[in-house]
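Chemist: Residue numbers for the sequence shown follow our numbering, beginning at 8 and rising by one. Where a beta carbon is used, it is the ideal one built from N, C-alpha and C, also for glycine. Below you will find the structure I want to go over with you.
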Amino acid sequence: MTARLSATYESKPAETTLKYTTKQIAELFPDLMQIKDGELRDKVAAVWNEALTTGCGGKGWTFDELRAVPFTLLAGDIDLTFIDHLNSCCKQCIAIAKVLRECFGDRIPVNLDYLIAGSLLADCGKPLEFDKDKNGKVIKGHFGEMLRHPFSGVAMCYKHGIPAEVMHIVATHSFEGDPPKVTRSIESIIFHHADFVDFDIAKNLGAKAAKKT
Ligand SMILES: [Fe+2]
Numbered sequence: 008m009t010a011r012l013s014a015t016y017e018s019k020p021a022e023t024t025l026k027y028t029t030k031q032i033a034e035l036f037p038d039l040m041q042i043k044d045g046e047l048r049d050k051v052a053a054v055w056n057e058a059l060t061t062g063c064g065g066k067g068w069t070f071d072e073l074r075a076v077p078f079t080l081l082a083g084d085i086d087l088t089f090i091d092h093l094n095s096c097c098k099q100c101i102a103i104a105k106v107l108r109e110c111f112g113d114r115i116p117v118n119l120d121y122l123i124a125g126s127l128l129a130d131c132g133k134p135l136e137f138d139k140d141k142n143g144k145v146i147k148g149h150f151g152e153m154l155r156h157p158f159s160g161v162a163m164c165y166k167h168g169i170p171a172e173v174m175h176i177v178a179t180h181s182f183e184g185d186p187p188k189v190t191r192s193i194e195s196i197i198f199h200h201a202d203f204v205d206f207d208i209a210k211n212l213g214a215k216a217a218k219k220t
């Protein structure tokens, strides 16, 4: 007899014991508390629990270790961290949504909860991409060679019941979401540009630092 799968597009949160509370995760990402839907806020925190405890080649990251991770491994020697970048993008997204609301009103509908959740989760797969070498230097690990963070990010989000609209932001925020194959949602367009404001500036700073050495 063949088992029948129920036809649902909603992922359901997995039963897992979480190491960190939502308030503790908000020590890393204060704007997490701006998500109005408490259930969504807790799910975002659950995904970050997963990333923190399973990243770094399975060794996990402490808060302090994650705070010391550079923004990107692609921009050379810059004084911007990964956590700075996530908080910067989240604040940029909130600011952009406010400006759009002031200028266009309801003609540009933005779901702020989804935007904040997506901005805090877009790079949640990076702690799985990164590992440490023998000297403790942060490098791209084997897992990262196999799966870029938009893929591992969506996998963790699905496990914890994150809505499809938010998983869409995670999946499409980088070049995986470039047209014509994918049409980004409004929230994903906002995050994508905020992300590249930081990334392009990081490359600019990295190039200047390389010239000095
Ligand atoms: Fe990213």
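Just to check, is the beta-carbon of D202 closer than 8 Å to a non-hydrogen atom of ligand 1?
Modeler: Residue numbering aside, residue 202 sits at position 195 when the sequence shown is read from its first letter. D202: yes, Cβ under 8 Å from ligand 1.
Chemist: Would you please state the rounded distance, in angstroms, between the beta carbons of F150 and L135? I believe it to be under 8 Å.
Modeler: Your numbering for residue 150 matches position 143 in the sequence shown. Your numbering for residue 135 matches position 128 in the sequence shown. Right, their Cβ atoms sit about 5 Å apart.
Chemist: Would you please state the rounded distance, in angstroms, between the beta carbons of A216 and D84? I believe it to be under 8 Å.
Modeler: Within the sequence shown, numbered from 1, the residue matching residue 216 stands at position 209. Within the sequence shown, numbered from 1, the residue matching residue 84 stands at position 77. About 5 Å separates the beta carbon of A216 from that of D84, a gap short enough to meet the 8 Å contact definition.
Chemist: Using a threshold of 9 Å, state whether the C-beta atoms of D207 and S95 are closer than that.
Modeler: As a first step, residue 207 must be located in the sequence shown, where it is residue number 200. As a first step, residue 95 must be located in the sequence shown, where it is residue number 88. By the CB criterion at 9 Å, D207 and S95 fall outside the cutoff.
Chemist: By alpha-carbon positions, which one of K133, K210, S195 ends up nearest to C63?
Modeler: What you label residue 63 is simply residue 56 of the sequence shown in a count that begins at 1. The candidate whose alpha carbon is nearest that of C63 is K133.
Chemist: Using three-state DSSP, classify K66 as helix, strand or coil.
Modeler: Translated into the one-based positions of the sequence shown, residue 66 becomes position 59. Residue state for K66 is assigned as coil, using DSSP reduced to three classes.
Chemist: Which word fits A21, buried or exposed, when buried means at least 16 other C-beta atoms lie within 10 angstroms of its C-beta?
Modeler: Taking the sequence shown and counting its residues from 1, one reaches residue 21 at position 14. By the neighbour-count rule (16 or more Cβ atoms within 10 Å), A21 is not buried but exposed.
Chemist: Would the C-beta of A129 count as close to ligand 1, meaning under 8 Å from any of its heavy atoms?
Modeler: For the purposes of this step, residue 129 is taken as residue 122 along the sequence shown, with counting starting at 1. A129: yes, Cβ under 8 Å from ligand 1.
Chemist: Assess contact between the region 160-176 and the region 38-52, defined as three or more Cβ pairs (one per stretch) separated by less than 8 Å. Is contact present?
Modeler: yes
Chemist: Hey, would you say the C-beta of H149 is under 8 Å away from at least one heavy atom of ligand 1?
Modeler: Locating residue 149 in the sequence shown gives position 142, counting from the first residue. Exclusion of H149 from the 8 Å shell around ligand 1 follows from its C-beta lying no nearer than that to any non-hydrogen atom of the ligand.
Chemist: Residue range of the alpha helix (DSSP H) that D120 falls in?
Modeler: Within the sequence shown, the letter at position 113 stands for residue 120. Note, D120: alpha helix (DSSP H), 119-128.
Chemist: Please report the distance separating the alpha-carbon of L122 from that of C100.
Modeler: Here residue 122 refers to the residue found at position 115 when the sequence shown is read from its first residue. Here residue 100 refers to the residue found at position 93 when the sequence shown is read from its first residue. L122 and C100: Cα-Cα distance of roughly 7 Å.
Chemist: If we count the other Cβ atoms within 10 Å of its Cβ and call it buried at 16 or more, is V189 buried or exposed?
Modeler: Residue numbering aside, residue 189 sits at position 182 when the sequence shown is read from its first letter. By the neighbour-count rule (16 or more Cβ atoms within 10 Å), V189 is not buried but exposed.
Chemist: Going along the chain, which residues of its own chain have a beta-carbon closer than 6 Å to the beta-carbon of A75, five neighbours each way excluded?
Modeler: Translated into the one-based positions of the sequence shown, residue 75 becomes position 68. None.
Chemist: Where do the N-terminal and C-terminal ends of the beta strand (DSSP E) with F137 fall, by residue?
Modeler: Position 130 of the sequence shown holds residue 137. First-last of the beta strand (DSSP E) with F137: 137-139.
Chemist: DSSP puts V145 in a beta bridge; with which residues?
Modeler: What you label residue 145 is simply residue 138 of the sequence shown in a count that begins at 1. According to DSSP, V145 bridges with K139.
Chemist: Within 8 Å: the Cβ of H156 and any heavy atom of ligand 1?
Modeler: Here residue 156 refers to the residue found at position 149 of the sequence shown. H156 Cβ: within cutoff of ligand 1.
Chemist: Nearest-angstrom Cα distance between H167 and D202?
Modeler: Residue 167 sits at position 160 when you count from the first residue of the sequence shown. Residue 202 sits at position 195 when you count from the first residue of the sequence shown. Their Cα atoms are separated by approximately 24 Å.
Chemist: Hey, how far is the Cα of K66 from the Cα of L73?
Modeler: Within the sequence shown, the letter at position 59 stands for residue 66. Within the sequence shown, the letter at position 66 stands for residue 73. Spanning the two alpha carbons is a distance of roughly 12 Å.
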